[in-house]
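Since the structure comes first, as structure tokens, the remarks are kept for the end.
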Amino acid sequence: MSKKQLAVLFAYMQSQRQEINNLFTIIESASTESEEKTVYLGYTLHNLYCALEDIFKRVAEAFENNVDDLSRYHRDLLRRMSFELPGVRPALLAAQTYRTLDELRRFRHLFRHAYAYQLDPRRVADLQSMIVSAKEELDADLDNFNRFLTAESQKKT
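Structure (structure tokens):
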């Protein structure tokens, strides 16, 4: 990967992180006091996963090409981010972050595809709490990967 490609990936990740932080701000203060608020929180949790998955797609495209099995695309893409690829890239996600985001991925799938399903406010609130608690670890994982990108870019000089 060229220095320019590394710089583009780094810049993209920084831009996405701003969006992710904005979504976390909403999630942290959201409530499930009414059906409307529960749906809004669900929508924001869905958007958070989509924003994170956009980063994962870019990393996969940059370092290891594509996920081949489209029927398991979202699950495989997330799982791949928890793998270190020796000589290629470190794991983007620690094991605990992966497990938390896998819960968010499952929720995103339900939210996106269960049209007649009414969200359970307790389950949405539990996911909210889990995601908010994982923010620090997620930030650390993304920071570590950004350090890797910076180090790789400096090697190209």
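The sequence shown: position 156 = 1499 (the numbering used here), numbered continuously. Don't be surprised by glycine CBs; every beta carbon is placed ideally from N, CA and C.
Asked, Found
"Proximity below 8 Å, CB of Ala1437 to CB of Glu1427", "no"
"Top-ranked residue by Cα proximity to Arg1448, from Glu1404, Asp1419 and Ile1370", "Asp1419"
"Three-state secondary structure (DSSP) of Leu1436", "coil"
"Cβ-based burial, Asp1301 [other Cβ within 10 Å; buried from 16]", "The structure shown has nothing for residue 1301, since the chain only spans 1344 to 1500."
"Alpha carbon of Arg1466 to alpha carbon of Arg1490, nearest angstrom", "35 Å"
"8 Å Cβ cutoff met for Phe1488 and Leu1470", "no"
"Interface flag, Ile1398 vs chain C, CB-CB below 8 Å", "Included in the structure is just one protein chain, with no chain C present."
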